[in-house]
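All remarks here apply to the structure that follows.
Residue numbers (our numbering): 248 to 414.
Structure, rendered in structure tokens:
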């Protein structure tokens with residue numbers, strides 16, 4: 248009988264009962280809160296990075312479409328890029344003889360062209376691009392401050408193809 252009383256005092260539970268103490272539940276809640284905080288921070292960064300990945304993909308597709316248009320139609324096609332709007336964002340177009348080919352494309356707000364902030368590339372009917380040296384088009388996501396993303400698309404004049412470099 249004495250050992251039964253001692254056993255009840257040690258466990259704090261009646262025999263056959265199962266459950267968790269308040270301290271155990273609070274510890275689990277604190278761990279879950281920390282994990283959710285880390286997940287939210289990661290989710291926000293994924294969203295910010297998505298705007299940049301989308302911009303790079305759009306510009307690369309625009310360059311390739313301009314080259315393809317020049318080759319298939321046997322005409323010179325001008326790819327122009329510049330920054331516009333408030334808040335500032337990048338814009339690019341493709342034209343043949345001053346006539347818009349396709350549509351004007353806008354990057355996400357805060358995603359802009361830099362070094363230089365505007366320029367043109369002329370694709371010739373054989374797929375080559377104007378110029379002698381490879382041309383760099385730099386895209387920056389400005390909203391991130393010190394942690395801003397920068398990507399460089401290099402267009403090679405001999406082939407007109409572009410390659411993406413990330414910084």
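Ideal placement from N, C-alpha and C gives every residue a C-beta, glycine not left out.
- Under the DSSP assignment, residue 331 falls in the beta strand (DSSP E) whose first and last residues are 324-331.
- Between the stretch 365-377 and the stretch 397-410, the count of Cβ pairs shorter than 8 Å is three or higher; the stretches touch.
- Classified as buried, residue 336 has 16 or more neighbouring CB atoms from the shown chains inside 10 Å of its CB.
- Cβ-Cβ separation between residue 338 and residue 351: approximately 6 Å, consistent with a contact (criterion under 8 Å).
- Selection 266, 301, 327 and 378 evaluated against residue 358 yields 301 as nearest (Cα-Cα).
- Put simply, the backbone Cα of residue 364 is about 8 Å away from that of residue 328.
- As the crow flies, the alpha-carbon of residue 384 is around 6 Å from that of residue 401.
- A straight line joining the alpha-carbon of residue 273 with that of residue 286 spans about 20 Å.
- Secondary structure within the stretch 281-356: the beta strand (DSSP E) runs of 3 or more consecutive residues, fully enclosed, are 324-331 and 336-343 (chain order).
- Non-local C-beta neighbours of residue 361 in its own chain, meaning closer than 7 Å and more than five positions away in sequence, comprise 385 and 387, ordered along the chain.
- Boundaries cannot be given for residue 389, as no beta strand (DSSP E) includes it and DSSP labels it neither H nor E.
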